[in-house]
Every structure is written in structure tokens, then in C-alpha cells.
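According to UniProt numbering, the sequence shown is numbered sequentially starting from 1.
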Amino acid sequence: MTLTTTDADARLDATIRMAVNRLRDGQHVTGCWTDCFDTGVMPDAQTVICLYLLGVDDDDWITILLQRLLEAQRPDGTWGVYPGDEGDLSTTVECYYALQLHGAWSGLPERQAQAKQFILRQGGLKRCRNLTKVILAIGGEIPWRWLPSPRVYSLLFSQRFPVSIFDMVTFTRLHVAPMLLLSSCQFVAAPADGRMLADLMSGHLWGRRLQSFDKRGARRRLSRRMSHCLAWMLAEREADGTTAGYHSSTFLTIFAMQALGFEVGHREIQSAIQAMRKNLYRSPDAAYVHQQTCNAHVWNTALAVRALLVAGEDVQSSVVQKAVQYLLTKQQHGQQIVRLGGWAFSSNNTQHPDTDDTIACLEALCLASMTQSAAWSQGITWLLGMQNRDGGWSAFEKDANKRWMEWIPANDMRRAMHDPSTPDITGRVLEFLLRYRVLSVDDPIVRLALQWLHRHQEADGSWFGRWGTTYIYGTWCAVKALLCAQVQSSAPSIAKARAWILRIQHDDGGFGESCQSDLHGHFVPLAASLPTQTAWGLDLLLYLYEAEMDSRMQDELWRACSKAANWLVTHAKAGMWEEEMPTGSAFPGALHIRYHIYPKIWSVVALKHYQTLRQRRFRLKGGESHVGSKPTTHVSFAY
1 MTLTTTDADA RLDATIRMAV NRLRDGQHVT GCWTDCFDTG VMPDAQTVIC
51 LYLLGVDDDD WITILLQRLL EAQRPDGTWG VYPGDEGDLS TTVECYYALQ
101 LHGAWSGLPE RQAQAKQFIL RQGGLKRCRN LTKVILAIGG EIPWRWLPSP
151 RVYSLLFSQR FPVSIFDMVT FTRLHVAPML LLSSCQFVAA PADGRMLADL
201 MSGHLWGRRL QSFDKRGARR RLSRRMSHCL AWMLAEREAD GTTAGYHSST
251 FLTIFAMQAL GFEVGHREIQ SAIQAMRKNL YRSPDAAYVH QQTCNAHVWN
301 TALAVRALLV AGEDVQSSVV QKAVQYLLTK QQHGQQIVRL GGWAFSSNNT
351 QHPDTDDTIA CLEALCLASM TQSAAWSQGI TWLLGMQNRD GGWSAFEKDA
401 NKRWMEWIPA NDMRRAMHDP STPDITGRVL EFLLRYRVLS VDDPIVRLAL
451 QWLHRHQEAD GSWFGRWGTT YIYGTWCAVK ALLCAQVQSS APSIAKARAW
501 ILRIQHDDGG FGESCQSDLH GHFVPLAASL PTQTAWGLDL LLYLYEAEMD
551 SRMQDELWRA CSKAANWLVT HAKAGMWEEE MPTGSAFPGA LHIRYHIYPK
601 IWSVVALKHY QTLRQRRFRL KGGESHVGSK PTTHVSFAY
């Protein structure tokens, strides 16, 4: 399609304006953005199971989740962790179990049989991940001896053992403590109708009959180390009863409290259950329902503020001011110095700040002209204090990089045990420190981080992204940091990254990367382009274009930029982009994240960046850049 320069500018401008309006309209009355934090059907199934085992009768909550599970079942009878995978055993078992407990298979014998056959082909219940087996053991479906021995793992709470519970990353240790207590107590919730999954044992026999759980006996069996575990677990709860706002760790904590004598009707357990109900997401049109593993209100809001301000929103507008005030209320002011000044991901997580959210919130404050505030100073102090000894930054912990912990016996989550420095987090911190002039390039902190980032470039020129999918995200974060550090476009690291991003761009101008990248440890292309990844790719190309000194390479980069921008503009529908594939990562192969807000914010950021450079380029080239004026040339939008 051939458009005049004016037509192309008008279409681009209209797309940005509609997207900004959509984003502005999505603000909640409290000032935050509540867009869904979507991790697939796993938390939906787990919630349904746990509510049943707790005896919670909430038809509205349970029925809509059961319906979601039925709608998500694939034609081959399986459930997966992201669209297009081959089906996942643990996820399928949890969905099957949830539907079985509530009698929701009635009238669907073929679909039930398909799911059952898949589970048996994959090895049955004993081949599931440990978290799934914990839930099954609580339900009395499998013996606790199928799980790691609590006697070994209880050593994590011993002051004399060389490995501590604090060597584990936050979200893992919050699960380990209640799991140890439940396993030590051999807790069984004793479902009313007995075992539901006996026919899924795949040759493994368990002849025991369910017995009522002996709470007094369980308390007697608690060792001194388990008592330390209990005290630690209870201290980690939030005021609303949740454990850092995470649904699975909260439900495990509730069951652990039950094992120790708390009744379901106890106010603290009821408070936690109601807090979990608040994590039930319903889209404004009620067409989409999901039990979030936690909410993403802080992260969503910080990113939304940045996108709006980059797009030209007035700092004094009510939208920005309400959002900034919301973020200020979420800054953490704990007693420990390491916790002073950071922000967490969720609105109800008040004890576990993380690097990524702190950067996002500080960026929002800076763009809102609040760099003289106490919140800014405290946040900067916390962020600088989180640099690891190796020079990089990790997400949650400082110097929690004991990679050998991946190989602890019975650990089936591998890298979820530790929290090493990663290119995406390190790149985001570096870019922030340099772009907003917190530190200079010559500062020792920056020099050490730059060395780390250079050392961790992949052989193909990309960088790994731990929290986004995967190499497009990591490379985008790393290259922006290096360019902020005045690394020349001719430098080998930049040249290799430039060649890589140009090589993986699709013919349609977009970018797409599979979740398989996270599993295989190298870039795996996705056949279709995705809005979020196209926005990351476009933004990266634009930064490379700005830094490029060679005019021929500049022209090549600009053509790539225009193709990517064209893809975003032509795929926008009234300022919105559709995206079903996850572009965030939590546990590769087990939990991938679809941020519903990502296409809205990253597309705006990238297109606004493109619009600014497009106007500058046409001025330099002697073309026309003003929307509404007479065109002096005719060009293809994709050039």
C-alpha cells in the first residue's frame, strides 16, 4: 500500500492517540491499572481443588473457574502451559482433578477419557511436578512418601547447616516452608468421597485407606527445626493473611495451619481465602475470567505511567497524579535496611520488594518530576544496595547465585531455586542509572555492571531475558544499557546484536519468539509475529538507528524500523492489539506469563519513539512531517 507522507503520519498519529486513550481509560478509580496477570489454567485448577478440600462453598467463584477449565481443554483432551505446546502432564492432572472433585465431567465421557489416556501415557501421577504432588497428597490421592523427605529439607532451618532457607529465591522459599510442615505432619484433608484418581496411578499401587488426620499427633511430630519453620512461615504472612499475595503459597500455608489445629472458620484463614478471591480477575465485559497467581497492580501502574508520559501526557493530569500517589503508597519501608525503599510486584506484597518493580516505579517518579522527593532517594539507595558481587543485578535477592542448588535431589524446578544476576535485570538497572543521570559512566558501580553485561552476551549476539520471552527481551534490555553507556555502534557487542535482531525479523516486519526459547536455552522463532515482541524489536532497532554512524547501515535499520512500525499500525484495532501468547516467564515449561497490559504499553512506547524519529528523519531528508499539510513526496509507509 502506497501512502503519502501525510497519510502515513496521520495513520500513525491516530493509532498512538487511540492507544493512549485506551490506556488512560483503563485506570482504576484507586489510581492503579488492574489488567490481568495471566499464568494460564494452573492457578484456576489449583484454586478449585483447594476450595473443595477446604470445604469452601462459593458457587459463583467455583463455577466460573470450572467453566474456564472446560473451555481451555484442547481437542486432544490435554491442557498446556502456553498455546501450542504439546500438553503438560501436571497441568492436565490438576485440571482433571478439579473437574472430577466437582462432578463437572458429567456428560463429557469422551473428553474425560482423552485426558485420562494422556495422563497414563505420560506416566501417571508419580511423574507430576512436586507442587502438583503436594496438592494430590493433601487430597489423599497419593502417599506423602512420593515427595522429598522433610527430614532432609528441614535442615534449611538449622543454624548449623551451611545452606539456609534464605539461599533460596523468595517465591520458592515461601512455598518450601508450608510444604515441609505438611509433609512432616503427613496432612490429608480427607475429601468427602474418598480418592478420586485411583485409576490414574499407572501401575503404582497404594493400598492404604484414607484415615482421619490426627492433629495432636502431627504437633507432637514437629521437631525443633520444624518449629523454626512454623515461626518463619507465620511471620511471612501479610496483613490480609496471604503469603506475599501468591495464591499457591497462601493455600499451602492455610493447609499447614489446618494441620496444626486451626479450623477453616478461623478469622485468619477466612481472611486469606477472601484475599485470594480478590485475585479473581474478570474482564470489564465479563468475557474473560482467570484466577491470578497474584495481582500485578504495582508493575502495571508504573509501566502505564511511563508509557503515558512518554506519549505526551501532562505530568499534572489527574491520571498521572493519581497513579503516582498510588505508587508512593506502595513503597516499602521495612525495618531491615535491605528492605527500605523498594517496591514489590503486587499491591498486597509489603515484605518482598524486587529490582524490576523498583526500577519501573523510579522511572515513573523521575518522569513525573519527583527526583527531589524522599521516595526517590530511598528507592535509589535500595537499588544500588542490591548490586551483586559479580557486578550484575538479580530480581529478588542479593548474591543468591548458588547455581549448584539447581541440582539438589528432587528439585524439579531447576533455576527457580536461586536468583543469579541476569542480563535483562542488569540491563534495565544500567539503562535507568545512566539515562536519568543517577550515576556516570565512570562510576565503579557502572563499570562493574558493564563488564558483567559484556561477558554474558550469547555467541549469536543476543542476550538472555529471564523475565521476558526471551532473547528479544534480553537483547532489548542489554543493548539500550550499552548505548546509554556510550558504547559505539561499531563495537563488536553492538554489531553482533544488530546483525542478530535484523536476522530474526519476520518478512511481515514483526517479531515473534516461542516460549521454547526458555526451555532450550537458545532463540526459537515463533511463526507468527506478536505485538509485544514486535514493540520490543522496534524499540531496539530505533535505538540502534540513533546510535549508528554509517549512513548505509542507518538506511537499512530505518527500513527495518518502518516495517515493524507498519506491522503494529496495521494490526491495531481501535488502539488495541490482540495477543494470546505469553511474553513473560516465571518457571520455564511450567508457568509462563501473559501480561494483558503489555501490548497496550510497549506498543505505545515503541510507536511514539518511531514517530519522533520519523519526523526528525523527514526534516533532515527534506520531506514533509506535519500532519495535515500538503505532501511533498509519495512514499510507502514501510520505508
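For glycine and all other residues, C-beta sits at the position ideal for the given N, C-alpha and C.
Taking CYS229 as reference, the option from MET179, ARG498, ARG195, ALA344 with the minimal CA-CA separation is MET179.
As the crow flies, the alpha-carbon of MET168 is around 9 Å from that of LEU174. Spatial neighbours of ALA375 in its own chain (CB-CB distance under 7 Å, excluding positions within 5 residues in sequence) are listed in chain order as LEU328, GLN331, LEU365. Contiguous beta strand (DSSP E) elements confined to the segment 107-170 do not occur, taking only those with 3 or more residues. TRP343 is bridged by DSSP to ASP354.
For the 8 Å CB-CB criterion, GLY26 and ASP35 form a contact. Under the DSSP assignment, ALA499 falls in the alpha helix (DSSP H) whose first and last residues are 492-504.
The three-state reading of DSSP puts GLU268 in helix, counting H, G and I together. Across the structure, ASP518 and ALA481 are spaced so that their CA atoms are roughly 22 Å apart. Looking at the DSSP output, PHE587 shares a beta bridge with LEU591. Segment contact: the segment 528-535 against the segment 598-612, three or more CB-CB distances shorter than 8 Å; contact assigned. In the displayed model, ARG237 falls within a strand according to three-state DSSP. Judged by DSSP in its simplified three-state form, ALA189 adopts coil rather than helix or strand.
Of the candidates THR293, LEU557, GLY341, the residue whose Cα lies closest to the Cα of HIS592 is THR293. Annotated three-state conformation of LEU280 is strand, per DSSP.
Boundaries of the beta strand (DSSP E) harbouring GLN291: 289-291, taken from the DSSP string.
Less than 8 Å separates the beta-carbon of LEU51 from that of ILE62.
Per DSSP, reduced to three states, the secondary structure at GLY468 is strand. Rounded to whole angstroms, the Cβ separation of ALA395 and ILE425 is 6 Å, and the two are in contact under 8 Å. With the rule of 3 Cβ pairs closer than 8 Å, the segment 573-586 counts as touching the segment 465-479. For the set TYR82, ASP76, ASP59, ALA495, the Cα lying nearest the Cα of GLY40 is the one of TYR82. In the DSSP annotation of this structure, PRO75 is not part of any alpha helix (DSSP H), being labelled neither H nor E. For the options ALA304, CYS561, GLY427, the alpha carbon positioned closest to that of SER462 is the one of GLY427. Restricting attention to TYR288, ALA244, ALA259, the CA atom closest to the CA of ALA272 is found in ALA244. The beta carbon of ARG277 sits closer than 8 Å to the beta carbons of ASP58, TRP61 from its chain, once the five residues preceding and following it are set aside; these are given in chain order. Among the bridge pairs identified by DSSP, MET386 is matched with none. DSSP places LYS573 in the strand class (E or B) of the three-state scheme. If you draw a straight line from the Cα of ILE380 to the Cα of TYR610, it is about 30 Å long. By the CB criterion at 8 Å, THR172 and GLU397 fall outside the cutoff.
Note on PHE166: under 16 other CB atoms within 10 angstroms of its CB, so exposed under the neighbour-count rule. A Cβ-Cβ separation of about 5 Å places LEU483 in contact with TYR543 under the 8 Å criterion. Of the other Cβ atoms in all chains shown, fewer than 16 fall within 10 Å of the Cβ of LYS573; this residue is therefore exposed.
The three-state reading of DSSP puts PRO420 in coil, since its state is none of H, G, I, E or B. ASP58 is bridged by DSSP to nothing; it lacks a bridge partner. Only exposed fits SER283, as fewer than 16 other CB atoms lie within 10 angstroms of its CB.
With 16 or more other Cβ atoms inside 10 Å of its own Cβ, SER603 counts as buried.
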